[in-house]
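Letter by letter, the sequence shown follows residues 1313 to 1529 in the working numbering.
Even for Gly, the Cβ is constructed at its ideal location relative to N, Cα and C.
Working notes for the structure below.
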Amino acid sequence: TYELINPVEGATVEASANVDWIGDFDHKQMGKIVFNIEKNPEEAPRSGEITVTYNNSSFKVTVNQNSNPAPTKKEVSMPHLMGSYFGIQGGMYNYYLVFSDIATNNDYYVPNAKYYMVDIYLLEEPEDKNNIKVPLGEYTYDISNSGIPNTFVESWSWYQINNEEGFPTDENQTNYESGKITIEEGKITLNVTLPVDGIQENHIVTYEGDYSLKNEE
1313 TYELINPVEG
1323 ATVEASANVD
1333 WIGDFDHKQM
1343 GKIVFNIEKN
1353 PEEAPRSGEI
1363 TVTYNNSSFK
1373 VTVNQNSNPA
1383 PTKKEVSMPH
1393 LMGSYFGIQG
1403 GMYNYYLVFS
1413 DIATNNDYYV
1423 PNAKYYMVDI
1433 YLLEEPEDKN
1443 NIKVPLGEYT
1453 YDISNSGIPN
1463 TFVESWSWYQ
1473 INNEEGFPTD
1483 ENQTNYESGK
1493 ITIEEGKITL
1503 NVTLPVDGIQ
1513 ENHIVTYEGD
1523 YSLKNEE
């Protein structure tokens, strides 16, 4: 809450935060600012700052949030990257990436293996067909399979855990709910949210090193 002393005609109260987990500001009611704080996914406390402005005046409020004893943010390093390039599919160039914790040699039925699968559709073809890599850039997740270029789509993108026979079960094959993938020189980062045991988790998956996709064109 706040109090205005000597109101200025035409001036309005505005609020903003320096972190993305504080937002949804509502300052329509005079003397009161309502906002939302997201649940902390980290096993560590965090702080953010709200700035309120009015005409030439302002003040700041610090928000401290406790740690989460059951964090939903998982940072995963995957040592193996494989996949295929399928050429033109639906008018775009199709790249398929598979992150794995076990060296599987393009075998998706290895017992107890974990996979993150990413089905990417781009407007850009690979520079070298003999050493195929995904072009550098950032690509977002298209959960509705709407055919938007420079995205990875829901239909063939998911997280999978194989059982001892090498097969995923329905409860161990989960599509993403949102995300993005960032392709850099020597590093690929997949940042996705997905439901695990009824709880939405944020998985940040990284692969560092060289790779080359199998040409299935």
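Status (buried if at least 16 other CB within 10 Å, exposed otherwise) for residue i
i	result
residue 1369	exposed
residue 1463	buried
residue 1428	buried
residue 1474	buried
residue 1394	buried
residue 1507	exposed
residue 1511	exposed
residue 1461	exposed
residue 1410	buried
residue 1444	buried
residue 1425	buried
residue 1317	exposed
Beta bridge counterpart(s) of residue i as assigned by DSSP
i	result
residue 1470	1429 and 1487
residue 1377	1358
residue 1335	1348
residue 1454	1465
residue 1479	For residue 1479, which the question treats as bridged, DSSP gives no partner whatsoever.
residue 1449	1495
residue 1506	1513
residue 1366	1325 and 1369
residue 1518	1389 and 1501
residue 1525	1444
Expected contact under 8 Å - CB spacing of residue i and residue j to nearest Å
i	j	result
residue 1492	residue 1528	So it is not a contact: roughly 25 Å between Cβ atoms.
residue 1357	residue 1376	7 Å
residue 1346	residue 1338	4 Å
residue 1465	residue 1457	5 Å
residue 1486	residue 1470	6 Å
residue 1320	residue 1378	Going by Cβ atoms, the distance from residue 1320 to residue 1378 rounds to 38 Å, so no, they are not a contact pair.
Residue j beta carbon less than 8 Å from that of residue i
i	j	result
residue 1405	residue 1434	yes
residue 1505	residue 1519	no
residue 1412	residue 1390	yes
residue 1423	residue 1476	yes
residue 1408	residue 1440	no
residue 1397	residue 1502	no
residue 1490	residue 1455	yes
residue 1384	residue 1513	yes
residue 1326	residue 1365	yes
residue 1313	residue 1343	yes
residue 1350	residue 1380	no
residue 1478	residue 1421	yes
residue 1459	residue 1399	no
residue 1392	residue 1363	no
Every unbroken beta strand (DSSP E) within the stretch 1391-1437, with a cutoff of 3 residues, ordered by chain: Within the stretch 1391-1437, the complete beta strand (DSSP E) runs of at least 3 residues are 1392-1401, 1404-1412 and 1426-1434.
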